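Protein chains in written order, with the working numbering: chain Y, 48 to 317; chain C, 2 to 375. Written out below as structure tokens is the structure these notes cover.
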Amino acid sequence: MKRIQRKSGRGLWISAIIIYLFLYFPMLVVILFSFASNTTQSFPIQGFTLHWFHDAITSTVLLTAFRNSLLVGLAAAGIATILGVPGALLVDRYDFPLKRLFQKFVLLPLILPGIVTGVAFQSFYAMLGLPRSLWLVALAHGTALTSTVLTTVYARLLRFDPSIEEASMDLGADRLRTFWRVTLPNLRTSIIAAGLLAFTLSFDEIPVTIFITGDGGNTLPMVLWSTLRRASKPEYVAFTVLVLLIGVVVVSIAARITEELPAPVAEIGG
Amino acid sequence: MTDNVIKKDLTRRNLLRVAGLAGLGAVAVPLLDACSSKGAVGGSGATEQTPAKTLNFLCWEGYTDKSFADGFTAKYGTKIKSTFIGSNDELVAQLTSGAGNFDLISPSVDTTKSLIEAKLVRPLDMSQVPNWSNSYSIFQNNDSVKSGTDVYGVPMSWGFVPVIVNLDAIPNPANSWSILWDKQYKGKISVWDDITSIYNTALLLGYKNVYSLTDTQLEAVKVKMLEQKPLLTKYWATAGELTNLFANRETIVGNSFGGTTLPDLRTQGFNVKEFIPQEGATAWVDFWMVPVKSTNQYTAQLWMDYIQQPKIQAQINKVTGYAPTVQAAADLVSEAVVGQYSLNDPASFDRLLFWEQVPNRQKYLDLLNQVKAA
């Protein structure tokens with residue numbers, strides 16, 4: 048028995064390492080080039096420098112675009128969560144006319160190519176005569192990402208044992224209190240995960256955004272796209288690495304927070 | 002019974018929870034509004050003869066680079082806000098969808114005529130742009146920015162679409178577009194994913210009317226392009242991609258549209274050359290135009306006059322690698338650039354086929370898509 052366990056242990060390690068390398072090797076290459084003094088991303092590396100990082104953090108174009116992407120991402124994640132969480136609860140717990148149709152419609156943004164969603168929003172905003180702004184971009188992202196949040200939270204709800212809620216109400220809590228002190232804490236990790244996912248998807252969104260941006264400023268991926276049209280700029284590679292670093296930090300913090308949350312069931316008595 | 006409870010609770014105290022969750026989104030809203038442009042009608046507060054507070058640009062990246070735009074802001078106090086485009090079709094789509102209020106756009110010369118005909122741009126008052134008279138006459142007289150006696154655009158930069166080749170890999174390149182069909186370079190050729198690849202193929206086939214090809218000619222072009230397709234590394238979509246393809250030695254010959262590809266590769270130690278083959282080449286020029294919805298034509302014209310100064314044109318060349326549209330700038334740019342574009346020999350521009358509006362553009366684009374999908 049012992050021998051078999053050891054064998055699978057090593058095999059697991061090796062395949063894990065290979066899979067992680069496969070996933071992250073491209074990122075390692077990008078990080079490598081961000082320190083290279085070449086002006087193009089190619090071998091041989093001619094030297095090492097931090098000069099691209101300096102150019103990256105002093106570029107107002109990049110910083111403005113980054114700020115725009117952050118705000119749009121936060122707003123989009125907010126909208127998606129506000130619509131997605133109640134939506135998941137609705138689909139899980141209640142029966143209403145046209146429920147099956149609703150479930151299918153909600154999945155549409157996930158199934159349709161982003162371009163279709165983008166053109167749809169462009170026509171919609173044009174029909175309403177709305178002046179373009181980042182707020183409209185956030186609205187479009189948030190609406191499309193609602194399905195992401197809804198499906199993530201719904202999946203968690205399926206595993207949720209309703210007897211905990213029944214126990215809470217038996218002990219005297221009303222529905223709203225039960226929801227706030229029992230259901231929501233159990234959903235907390237999936238809501239945070241769904242929110243982070245929505246933020247990430249909004250941050251690097253291009254096909255929907257390309258149809259809706261206007262004179263209100265542009266998001267980071269759009270700026271990168273339109274710059275690449277003209278030249279391959281190494282400071283943009285450096286900026287990407289910085290964004291990657293921020294992402295790693297944020298996800299680590301989020302993971303740490305969700306780990307440290309107290310076991311929800313214990314809060315019923317509180 | 003539970004239904005009554007649901008109804009009561011939902012209507013009674015829903016607000017607090019919703020408000021809490023909405024807080025995140027609500028905080029971002031005013032921030033976003035503040036970041037969005039307030040350049041709507043009347044927002045910039047310009048009177049007839051005072052510069053506006055903000056100018057909204059819809060243009061190619063690099064056309065409002067700080068190195069020369071800051072000088073304009075310092076002189077007139079006007080803030081520059083830019084939105085960048087990735088293609089001319091994108092620019093037209095942005096304008097025709099009507100949303101967004103731009104004061105200056107920078108379409109290429111194959112798009113300008115359709116904008117004038119669709120009445121999306123304003124005729125300019127050239128008495129307000131005195132420096133325009135210093136630009137090369139070929140741009141002043143270009144039909145695609147004129148309608149009757151009205152002029153609609155001031156030239157910003159130009160370039161042509163040459164063959165680009167790595168001389169270390171191909172020491173004696175053939176002086177013809179056929180080099181891009183040469184089987185010995187199989188897998189190392191890359192051409193532009195753009196309508197110009199149709200123009201170049203037409204030139205190779207000996208058609209001079211590249212902007213008005215007949216259906217029969219288009220068929221011949223399609224056959225020729227399909228012949229080329231298996232020899233390509235890929236169709237490049239952006240100059241950044243092209244530069245990297247050459248830098249990584251995945252490609253040794255192709256075409257470019259000028260710009261920083263050549264200088265960037267040379268800095269990396271590559272021995273590359275751009276040349277116009279014997280069949281000729283097409284050329285592009287970008288014009289600044291003022292959309293009809295703009296209320297800041299006076300300030301927009303100040304910008305046009307500003308960027309036509311020779312020293313600013315030289316700076317624009319430094320940033321973008323594109324050729325200056327004013328002859329006096331030839332004294333201020335490097336020898337290499339003067340030689341590359343024959344800046345002191347404007348008669349030589351006549352041999353270039355400057356882009357024009359293609360009446361059956363959709364047919365050309367369909368052909369390109371068919372070739373790519375084949």
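All C-beta atoms, glycine included, are put in the ideal place defined by N, C-alpha and C. Model, not experiment: these values are computed from the prediction.
query	result
How would you list, in chain order, the residues of chain C whose beta-carbon sits under 9 Å from the beta-carbon of W60/Y?	In chain order: nothing, as chain C lies at least about 33 Å away.
What residues are listed by DSSP as bridge partners for K274/C?	V166/C
Going along chain C in order, which residues have a C-beta closer than 8 Å to the C-beta of L275/Y?	T239, A240, G241 and E242
Output needed for L333/C: all residues of its chain with C-beta closer than 7 Å, excluding positions within five of it in sequence on either side, in chain order.	P311, K312 and A315
In whole angstroms, what separates the C-alpha of I104/Y from that of L110/Y?	7 Å
Could you check if L369/C is buried or exposed, using at least 16 other CB atoms within 10 Å of its CB as the buried criterion?	buried
Taking Cβ-Cβ distances shorter than 9 Å, what residues in chain C pair up with S279/Y?	T239, A240, G241, E242, L243, T244, N245, A248, T261, T262 and D265
Using DSSP with H/G/I as helix, E/B as strand and the rest coil, what is I171/C?	coil
Beta carbon of G165/Y, beta carbon of F258/Y: below 8 Å?	yes
DSSP on L324/Y, reduced to helix/strand/coil?	Outside the displayed span of chain Y (48 to 317) sits residue 324/Y, for which this structure offers no information.
Could you tell me the distance, in whole angstroms, from the CA atom of E118/C to the CA atom of P124/C?	12 Å
Taking the straight line between their C-alpha atoms, what separation do you get for V93/C and T236/Y?	45 Å
Check for me: the beta strand (DSSP E) holding S134/C runs from which residue to which?	Looking at the DSSP string, S134/C is not in any beta strand (DSSP E), and its letter there is neither H nor E.
If the cut is a Cβ gap below 9 Å, which residues of chain C does W99/Y touch?	Neighbours of W99/Y on chain C: none; closest Cβ ~14 Å, over 9 Å.
How many whole angstroms separate the CB atoms of G161/Y and V288/Y, which I take to be in contact at a CB cut-off of 8 Å?	Not really, about 26 Å apart at Cβ, beyond 8 Å.
Please name the residues in the stretch 78–95 of chain C whose beta-carbon is closer than 9 Å to at least one beta-carbon of chain Y, in chain order.	K82, S83, T84, F85, I86, G87, S88, E91, A94 and Q95
Kindly say whether G134/Y, judged by its beta-carbon, lies nearer than 8 Å to any beta-carbon of chain C.	no
Rounded to whole angstroms, what is the Cα-Cα separation between Y201/Y and A135/Y?	5 Å
With respect to the beta strand (DSSP E) encompassing V192/C, which residues constitute its N-terminal and C-terminal limits?	I190 to W193
Mind listing, in chain order, the continuous beta strand (DSSP E) runs of no fewer than 3 residues lying wholly within the stretch 206–230 of chain C?	none
If we count the other Cβ atoms within 10 Å of its Cβ and call it buried at 16 or more, is I304/Y buried or exposed?	exposed
Is the Cβ of R179/Y closer than 8 Å to any Cβ of chain C?	yes
Would you mind telling me which residues of chain C sit closer than 7 Å to N85/Y, beta carbon to beta carbon, in chain order?	Q269
Could you tell me the distance, in whole angstroms, from the CA atom of G46/C to the CA atom of K54/C?	Note that G46/C has pLDDT 46, beneath the 50 cutoff, so the model's placement of it is unreliable and no number is given.
What separation, rounded to the nearest whole angstrom, lies between the Cα atoms of W227/Y and I64/Y?	42 Å
Can you find at least 3 beta carbon pairs, one from the stretch 171–184 of chain Y and one from the stretch 116–132 of chain Y, that sit closer than 8 Å?	yes
Given that a residue counts as buried once 16 or more other Cβ atoms are within 10 Å of its Cβ, and exposed if not, what is G261/Y?	buried
Does DSSP put S295/C in a helix, in a strand, or in coil?	coil
Listed in chain order, which residues of the stretch 157–173 of chain Y have Cβ atoms closer than 7 Å to some Cβ of chain C?	Q169, Y172 and A173
By the DSSP assignment, the beta strand (DSSP E) with F288/C in it spans what residues?	T283 to W289
Per the DSSP calculation, I304/Y is bridged to which residue(s)?	Note: I304/Y sits in no beta bridge, so no partner.
Quick check on V196/Y - is its C-beta less than 8 Å from some C-beta in chain C?	no
Under 7 Å Cβ to Cβ from T274/Y, same chain only, skipping five residues before and after it: list those, please.	K280 and Y283
Ends of the alpha helix (DSSP H) at T128/Y?	T107 to R140
Would you grab the beta carbon distance between L205/C and K274/C for me? Rounded to a whole angstrom, and I think it's under 8 Å.	Wrong, their Cβ atoms sit about 19 Å apart, outside the cutoff.
Go ahead and label K209/C buried or exposed: buried means 16 or more other beta carbons lie within 10 angstroms of its beta carbon, across all protein chains shown.	exposed
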